[in-house]
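One gets the numbering used here by counting positions in the sequence shown from 1 and adding 64 to each. Have a look at the structure below, then the notes.
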Amino acid sequence: MLFSDLGLSEDVLRAVGDAGYSEPTPIQAEGIPLVLQGRDILGVAQTGTGKTASFTLPMIDILAAGRARARMARTLILEPTRELAAQVSENFETYGKYHKLTMALLIGGVSFGDQEKKLDRGVDVLIATPGRLLDHVGRGKLMLNGVQVLVIDEADRMLDMGFIPDVERICKLIAGKRQTLLYSATMPKEIQKLADSFLTDPARVEVAPPSSPAENVEQRIVYLSPRDKDSTLRAIIEAAEVQNAMIFCNRKRDVDSLFKSLKNSKLGVGALHGDMAQSYRMEVLAKFKSGEVPILIASDVAARGLDIAAVSHVFNYDVPTHAEDYIHRIGRTGRAGRSGHAVTLSTPAEQKYVDAIFKLIGGEIPKIDIPGLKTPATKSNETSAPRKRARPTSSKKTSEPKQSPEKEKKTSTAPQRKAKSEDDSSKKPAAKASKSKSQDSKSTSTEKKTDTNKRRPNAPVKGLGDHVPAFLARAPKGVK
Ligand code: AMP
65 MLFSDLGLSE DVLRAVGDAG YSEPTPIQAE GIPLVLQGRD ILGVAQTGTG
115 KTASFTLPMI DILAAGRARA RMARTLILEP TRELAAQVSE NFETYGKYHK
165 LTMALLIGGV SFGDQEKKLD RGVDVLIATP GRLLDHVGRG KLMLNGVQVL
215 VIDEADRMLD MGFIPDVERI CKLIAGKRQT LLYSATMPKE IQKLADSFLT
265 DPARVEVAPP SSPAENVEQR IVYLSPRDKD STLRAIIEAA EVQNAMIFCN
315 RKRDVDSLFK SLKNSKLGVG ALHGDMAQSY RMEVLAKFKS GEVPILIASD
365 VAARGLDIAA VSHVFNYDVP THAEDYIHRI GRTGRAGRSG HAVTLSTPAE
415 QKYVDAIFKL IGGEIPKIDI PGLKTPATKS NETSAPRKRA RPTSSKKTSE
465 PKQSPEKEKK TSTAPQRKAK SEDDSSKKPA AKASKSKSQD SKSTSTEKKT
515 DTNKRRPNAP VKGLGDHVPA FLARAPKGVK
């Protein structure tokens, strides 16, 4: 199948060619003709599948047929986070380079004034987070009844973040005939209900979600006490050939405290979560993408769907509370045929989440024994009966010295399914919440920058000594 078989215009095909894509991904091959026919779409797909282009490319052609009117957007794309919204707008710029389309990005953390000026001039494409969009509607600066195409992207993440009531309000505000495209990585009943209420005879386009991690990601787990997390992570990072890494934390405050803990290490560290000012988040992301800051500590929500091509290591500072998030997180490494490493730190309190991950991936993750590190025993990490292991299983079997269960303070790993989560800051005064933290972070985020590529392999290693697990000591294949 070729892009030219899908019914797209010459100008869009030219932009796709410039982007270097040789053939459409499955969701593009199936979805683009349907969008061009005016069908509603229920897309079951996650980021990384080429989903964004599957709706932006046909939308550009649909938009080319008309003209923008003041304060009446013609198309609206709803995104759960500011970063995703910004990423989609970059996609529009890339694919719409041969068209003269106007676009406004309505996200929290940015002043209303500039956004209003754009709306006054009239826009073809509105890309927005739900809260900020409704704020503009409430201020009388925007009418939604001219919207012909509505995209609800990452609907299950909207649900996690408590945005569904806002999305429903927006759907109701868009009166009249419209084409609706709804994308979700999973299809919980709340999303199915949303689709039943607001989509008309949708075509279901499904791309099988990866329920197993990529073969080329070498996974490991370390069982430890909460108090050992920072020092162990630091030791592993310093011992391993980390070109660049994403470190995931479950909570914003852990992102902050880990940032403080790691900022004095040899590597440049940046932090990303929803309480930080938008401008700061963009800056950190740009520095991480360019390699200036090789380590990014992030919450799931802030990092969701970010398109970062080559990450050599993923570290789970906390075990994700939703097993699917484990797949998402470690999918940041081992992209495009490169090999990658994923290391998860788990305390006894997190064992239930580890068990859920084992169930999802159909086996255990090989554990790393770090000499000198006390491994708290739990029912699951002590079992003598061998269980099936998760792929890939190349490591040597490790023997775990039995230790008596250690009493530990239960760490709160509350699921993120909570009301009005972190990313739509229009629910709070813009940038207020973020100021102190982000300024604190800003002043230090790029400190201690070193070129990790230049690190000498024989240099003395702090923390793990000679006991660096072999797989951590070598550079992943294919990562420059
Ligand atoms: P998405 O699923 O929209 O987040 O896209 C993931 C990545 O795939 C982005 O970096 C896109 O630039 C890239 N991409 C989208 N479509 C194609 C294609 N047909 N061929 C190669 N890469 C693509």
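Just so it is clear, CB atoms sit at the ideal spot from N, CA and C, and this is done for glycine as well.
Partner residues in the beta bridge of Ala-192, as assigned by DSSP, are Leu-142, Leu-170.
Runs of the beta strand (DSSP E) spanning 3 or more residues and lying entirely within the segment 339-420 occur at 359-363, 377-380, 404-410, in chain order. Under DSSP, Phe-312 takes part in a beta bridge, and its partners are Ala-362, Asn-380. Residue state for Arg-268 is assigned as strand, using DSSP reduced to three classes.
Annotated three-state conformation of Gln-256 is helix, per DSSP.
Selection Gln-110, Arg-103, Asp-75, Asp-104 evaluated against Thr-89 yields Gln-110 as nearest (Cα-Cα). In this structure, Gly-107 lies away from Leu-331, with their beta-carbon atoms at least 8 Å apart.
Residues of the same chain with a CB within less than 7 Å of the CB of Val-211, apart from the 5 flanking positions on each side, are Ala-137, Arg-138, Thr-139, Leu-140, Ile-238, Arg-242 in chain order. Straight-line spacing of the CA atoms in Leu-198 and Asp-339 works out to 20 Å. The alpha-carbon of Val-189 is positioned some 46 Å away from that of Val-286. Rounded to the nearest angstrom, the gap between the Cα atoms of Ala-219 and Ile-124 is 22 Å. If you check the CB distance, Gln-307 and Ser-354 do not come in under 8 Å.
Each of Ser-153, Arg-103, Tyr-159 was checked against the Cα of Ala-83, and the nearest Cα belongs to Tyr-159. The Cβ atoms of Ile-361 and Ile-429 lie no closer than 8 Å to each other. From the listed residues His-405, Leu-127, Thr-145, the smallest Cα separation to Arg-284 is found for His-405. The beta carbon of Gly-112 sits closer than 7 Å to at least one heavy atom of ligand 1.
Pairwise C-beta distances place the segment 255-266 out of contact with the segment 381-389, as fewer than three of them are shorter than 8 Å. Between ligand 1 and the CB of Lys-115, the shortest heavy atom gap is smaller than 7 Å.
For the pair Lys-327 and Val-333, the CB atoms are nearer than the 8 Å cut-off.
One alpha carbon belongs to Leu-72, the other to Pro-144, and they sit about 28 Å apart. With respect to the 8 Å criterion, Ala-149 and Leu-169 are classified as neighbours on the basis of their beta carbons. Between Val-269 and Ile-105, the CB-CB gap stays under 8 Å. For the pair His-163 and Asp-75, the CB atoms are nearer than the 8 Å cut-off.
Counting other Cβ atoms within 10 Å of its Cβ, Ala-117 reaches 16 or more and is therefore classed as buried. Apart from sequence neighbours up to five positions away, the residues of its chain that approach Pro-252 with a beta-carbon distance below 7 Å are Asp-220, Leu-223, ordered along the chain. Per DSSP, the continuous beta strand (DSSP E) segment holding Ala-335 begins and ends at 333-336. In this structure, Leu-121 lies away from Pro-194, with their beta-carbon atoms at least 8 Å apart. Distances between the C-beta of Tyr-159 and the heavy atoms of ligand 1 are all 7 Å or more. If you check the C-beta of Tyr-247 against ligand 1, you find no heavy atom less than 7 Å away.
In the three-state reduction of the DSSP assignment, Lys-164 falls in the coil class. Judged by DSSP secondary structure, Arg-284 falls within the beta strand (DSSP E) whose first and last residues are 281-287. Ile-91 is a Cβ neighbour of Gly-114, given a cutoff of 8 Å.
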